[in-house]
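Residue numbers (the working numbering), protein chains in the order written: chain B, 216 to 439; chain G, -17 to 115. All C-beta atoms in this analysis are idealised placements derived from N, C-alpha and C, irrespective of residue type, glycine included. Here the structure is a predicted model, which is why all the values come from computation and not from measurement. Working notes for the structure below.
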Amino acid sequence: MSTPALRLAHDPALGPAGIAPGQVTGRGAGGPAPKRIIVGYGFWIFLLSDVIMFSAFFAAYAVLFKSTDGGPSAHELFDLRNTAAQTAVLLASTFTCGMASLAVGHRSQKWTQIALLVTGLLGLIFILLEVREFSGFIARGAGPSRSAFLSSFFTLVGCHGIHVSVALLWLGTQMAQFYAMGFREDIRHRFLCFSLFWHALDIVWVAIFNLVYLVGSLPPELLP
Amino acid sequence: MSKPSDFEAGSYVGGDRVPGAPEERTLAQEVRGYLLGLGLATLLTIASFWADHTREIYASGIAMALLVLTVAQIGIHLIFFLHITTDPDNENNILALAFGVLIVCLIVFGSLWVMIHLNNNLMPMDKLMQMQR
């Protein structure tokens, strides 16, 4: 009551009960925020902390970028056709994940399953492309133990790949739960978190393909 | 099927819509929103790959152009896919995002700044090795 300007939407103390009208600005007479908003907010906080972890890996990569120890540099190593394919696949999967959100919103079991299946297959292709690229690097003697540059590269990009792999497991679980239990509220909330996670992973990939692959493939004389 | 969705990350719709929130949207409008996001993201991706190959941009500016395109595309994803909007329900999300961006910038630019200065102020490695002999 002492801080009516704060929008503590979910704080029961700021609910309509016992508070004179006009004193609480938050959601007005609307009461606490719906659970969907609170679940989304909580998961958003987790996503931001995940992004902060990625930013530390980005910082390490940026610092160690030129520490190749006589080994292969980014310019010699990266194959941009592979990166372009990965980018296209992940962007398409982010769109189909959005379509799945709409299908869930409209309670369509068929379209939910189709959209999630396509999302999962595109994610799987992404992972396979990444595994192929990594094994190619390692076969050329450019594994993570070759130089500080490659250590930081494998850590950063591999961490994103692990996130996508975990998200694929989550996606499969989600499909099974929608199939077995229908569009129950708690399962829809779980799916809300999944869709946020999937879109956030694409955001991290946007930073990776631009700042790691595209900047890295520039000839050395063009680098800052 | 024409029932407006009550499930959406950005909460455009639903019975508990707060005053000032956007109007409820039909399925076609929502699909169009995602398509617009997909189109803009694709354009920015193509622009990034173009900027990487072209020699029409001032050479030293290419890396900076890629950084700008990254930020732009992240913005598109946040708006069209994660539905971070100006909706009052989204206010907490935006504040958290602002704080997250602050921390990310501190970590990335802070690390680079410190390490570049360390590099500049330390003796080159080969000289150090000679002194130790």
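Would you tell me roughly how many angstroms separate the C-alpha atoms of residue i and residue j, rounded to the nearest one?
i, j, result
"B/Y428", "B/P247", "45 Å"
"G/Q114", "G/L104", "15 Å"
"G/T67", "G/F31", "29 Å"
"B/T334", "G/I44", "33 Å"
"B/A357", "G/L60", "35 Å"
"B/C312", "G/L20", "12 Å"
"G/V50", "B/L344", "27 Å"
"G/N48", "G/S42", "Correcting the residue identity first, residue 48 of chain G is Leu in this sequence and not Asn. When rounded, the distance between both Cα atoms is 11 Å."
"B/T298", "B/E348", "9 Å"
"B/A440", "G/M46", "Here chain B covers residues 216 to 439 and nothing more, so residue 440 of chain B does not appear."
"G/G82", "G/I28", "28 Å"
"G/V96", "G/V90", "10 Å"
"B/M396", "B/L438", "54 Å"
"B/D284", "B/R361", "8 Å"
"G/I39", "B/L262", "35 Å"
"B/F293", "G/A10", "40 Å"
"B/I260", "B/V266", "10 Å"
"B/G320", "B/Q328", "13 Å"
According to the neighbour-count rule (16 or more other Cβ atoms, all chains shown, within 10 Å of its Cβ), is residue i buried or exposed?
i, result
"G/F63", "buried"
"G/T36", "exposed"
"B/F393", "buried"
"G/P70", "buried"
"B/D417", "buried"
"B/R296", "exposed"
"B/M314", "buried"
"B/V381", "exposed"
"B/I376", "The amino acid at residue 376 of chain B is misidentified as Ile; the sequence shows Gly. The residue is buried, with at least 16 neighbouring Cβ atoms inside 10 Å."
"G/Y16", "buried"
"B/D401", "exposed"
"B/T302", "buried"
"B/F341", "buried"
"G/N102", "exposed"
"G/H99", "exposed"
"B/V304", "buried"
"G/D108", "exposed"
"B/P249", "buried"
"G/T52", "buried"
"B/A391", "exposed"
Quick one: what's got a C-beta closer than 8 Å to residue i's C-beta in the same chain, skipping five residues either side?
i, result
"B/P435", "S288 and H290"
"B/G255", "L407, C408 and L411"
Which same chain residues end up closer than 6 Å to residue i when comparing Cβ atoms and leaving out the 5 residues on each side of it in sequence?
i, result
"B/A275", "S367"
"G/H13", "Note that residue 13 of chain G is Val in the sequence shown, not His. Result list for G/V13: empty, nothing under 6 Å."
"B/F269", "V419"
"B/R322", "F398"
"B/S308", "T334, L337 and G338"
Within the present structure, is the beta-carbon of residue i separated from the nearest heavy atom of the ligand NAD by less than 7 Å?
i, result
"B/M268", "You won't find the ligand NAD in this model; it holds no ligand whatsoever."
Spatial neighbours of residue i within its chain, please: C-beta separation below 7 Å, excluding the five flanking residues on both sides.
i, result
"B/G326", "A quick correction: the sequence has Trp, not Gly, at residue 326 of chain B. Same-chain partners within the cutoff: A318."
"G/A23", "Q55, I58 and H59"
"B/S316", "S410"
"B/H378", "L416"
"B/A330", "T311, M314, A315 and A318"
| When you check each C-beta in the region 335 to 350 of chain B against every C-beta of chain G, which residues fall closer than 8 Å? | Hits within the stretch: zero.
| field | Short-range partners of chain G found in the region 408 to 422 of chain B, where Cβ spacing is below 8 Å | value | The residues in question are S410, L411, H414, A415, D417, I418, V421 and A422.
| message | Using a Cβ-Cβ cutoff of 9 Å, what residues of the region 25 to 40 of chain G are near chain B? List them in chain order. | response | Listed by position, the residues of the region 25 to 40 of chain G near chain B (Cβ gap below 9 Å) are L26, T27, S30, F31, A33, D34 and H35.
| task | Pull out every residue of the region 39 to 61 of chain G whose Cβ sits closer than 8 Å to any Cβ of chain B, in chain order. | result | The residues in question are A41, S42, I44, A45, M46, L48, L49, L51, T52, Q55, I56, H59 and L60.
| Residues, ordered as in the chain, of the region 257 to 275 of chain B that lie near chain G by beta-carbon distance below 9 Å | Cβ contacts with chain G: W259, I260, L262, L263, S264, V266, I267, F269, S270, A271, F273, A274 and A275.
| request: Using a Cβ-Cβ cut-off of less than 7 Å, give me the residues of the region 299 to 313 of chain B that come near chain G, in sequence order. | output: Only A299, T302, L306, T309, F310 and G313 from the region 299 to 313 of chain B bring a Cβ to less than 7 Å from some Cβ of chain G.
| field | Contact residues within the region 5 to 16 of chain G, judged by C-beta distance below 7 Å to chain B | value | Flagged, chain order: L9, E12, V13 and Y16.
| field | Residues within the region 316 to 328 of chain B neighbouring chain G, beta-carbon criterion of under 9 Å | value | Correct list: S316, L317, V319, G320, H321, R322 and S323.
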